[in-house]
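Numbering (my numbering), first residue to last: 1399 to 1513.
Okay, here's the thing in C-alpha cells:
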C-alpha cells in the first residue's frame, strides 16, 4: 500500500480558499489514479476530484469551477485547491491512491466552512 499524508485543512469563511496537500510514499506519476474524497457527518464518502496517471482530471458537479486537482511529480504530492468555499463543502477530506488494484487512504483532514 501507498502511505499518504494529508495537510492543509482548517476553518475558513464562506468565499475563502484552502489548499489541501497529499504527499505519497512513492512516485505519484506511477500511481494509476489519485483523488480526493470527502465525508460530511451523516453522509456517505463521496469522490470530489481525481487525477489519472495520464493527467486527466474529473470533478463532481458541485465543485466544478471552484476546485482544482493537480500533481507535482517532483514532490510526490497531489493538491486540491479549493476556492469560493461554501458551508456545504464542510467535511473530512481524504486523499486516495489507486494502484495495481489496491486502494490506499490518508488519515483525513477537516475542512470547516462557516457562513
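The beta carbon of each residue, even a glycine, is placed where N, CA and C say it ideally should be. Small disclaimer: the values here were computed from a predicted structure and weren't measured.
Buried or exposed (CB count within 10 angstroms, at least 16 for buried), residue i
i: residue 1435; result: buried
i: residue 1470; result: exposed
i: residue 1446; result: buried
i: residue 1499; result: exposed
i: residue 1472; result: exposed
i: residue 1440; result: exposed
i: residue 1501; result: exposed
i: residue 1459; result: exposed
Sub-8 Å separation of residue i and residue j beta-carbons
i: residue 1409; j: residue 1483; result: no
i: residue 1513; j: residue 1412; result: yes
i: residue 1429; j: residue 1462; result: no
i: residue 1492; j: residue 1509; result: no
i: residue 1485; j: residue 1511; result: yes
i: residue 1495; j: residue 1400; result: yes
Counterpart residues of residue i in DSSP-defined beta bridges
i: residue 1458; result: For residue 1458, which the question treats as bridged, DSSP gives no partner whatsoever.
i: residue 1409; result: 1510
i: residue 1482; result: Beta-bridge pairing links residue 1482 to no other residue.
i: residue 1433; result: 1448, 1494
i: residue 1381; result: Residue 1381 lies beyond the residue range present for the chain, which begins at 1399 and ends at 1513; the question has no answer from this structure.
i: residue 1475; result: 1421, 1470
| message | Tell me whether the region 1497 to 1509 and the region 1401 to 1414 touch, counting them as touching only if at least three CB pairs, one residue from each stretch, are closer than 8 Å. | response | yes
| Meets three-Cβ-pair contact criterion under 8 Å: the region 1458 to 1466 and the region 1420 to 1433 | no
| said: Does the region 1473 to 1492 come into contact with the region 1451 to 1458, if we say contact requires no fewer than three beta-carbon pairs (one atom in each stretch) closer than 8 Å? | reply: no
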